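Single-structure report; data block below.
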Ligand code: PAF
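In the numbering used here, the protein residues as written are 202 to 474.
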């Protein structure tokens, strides 16, 4: 497995590959990331994973400094998956000292995580655009747990005519339904027991919507259930999958999006309708 740290090393490696599939990550890999790597192999002859904890997508009071950095273990996991190359840039490689350009995707970044994590999606769009320009992949794969992130990246690729095909991969869950996330490791033992309630509440909300209940009632019942279980709910909303605008009653192609804090851990999840 090639370990590449600079743009020129990537450029050189890139010459050896015909079709490249790319999985951008922030490391601390879990089964969800490994599923992306396995899926990536179906689309290209070479798979490259980046590991970069991107400072610009963290708010000032967020967990950038404590975000788990588990490089050695990540490399072992990727080698076991026969990943072809890993890009491990440092901050200076991605953000030159006098860097002046950011990418901002307006409408689709506005609500949900974009409202509570101001600037987060500018950081994501900027780093993903840079990584795409460095790696020049044919295909890039992202987990659909971060559905709003996927929509932001899709919009950026469309608007900037970036020559990359995006593949969204369904969320990988633990046996009790909790969506895999690098932040699950922050949960205490008690919180970990409560955490699957988020997915259970999404399922309950889906059933209530399919039974014809009004969206606003379904959202309110879900927020009450989560609050009673010990979550501090950020949002729980039914939205259109196409543009993440608010869904109308019985509209097709919708998604239920949720984010809630359990102690210090912010969990997000979603369920397609
Ligand atoms: O989903 C993530 O891990 C990050 O937001 C990403 C896409 C790697 C950009 O830093």
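All residues carry an ideal CB built from backbone N, CA and C; glycine is no exception.
From a predicted model like this one, the values you see are computed outputs, not experimental measurements.
Asked                                                                                                          : Found
Residues near residue 170 by beta carbon distance below 7 angstroms, same chain, minus five either side        : Given a span of 202 to 474 for the chain in the structure shown, any question on residue 170 remains unanswerable.
With 16 other Cβ atoms within 10 Å as the buried cut-off, status of residue 420                                : buried
Residue closest to residue 437, alpha-carbon to alpha-carbon, out of 256, 213, 457 and 341                     : 457
4-residue-minimum alpha helix (DSSP H) runs that sit fully inside the segment 417–461, ordered along the chain : none
Beta-carbon proximity of residue 226 to residue 294, cut-off 9 angstroms                                       : no
Inter-residue CB distance, residue 447 and residue 423 (contact presumed, cutoff 8 angstroms)                  : About 16 angstroms; that fails the 8 angstroms criterion.
Residue 541 versus 240, 466 and 443, residue with shortest Cα-Cα distance                                      : Limits of the chain in this structure are 202 at one end and 474 at the other, which puts residue 541 out of reach.
9 angstroms Cβ cutoff met for residue 347 and residue 469                                                      : yes
Three-state secondary structure (DSSP) of residue 379                                                          : coil
Inter-residue spacing [alpha-carbon to alpha-carbon] between residue 317 and residue 328                       : 20 angstroms
Buried versus exposed call for residue 275 [16 or more other C-beta atoms within 10 Å across all chains shown] : buried
Bridge partner(s) assigned by DSSP for residue 310                                                             : Answer is none; residue 310 lacks a bridge partner.
Minimum C-alpha distance to residue 290 - residue among 210, 464 and 326                                       : 210
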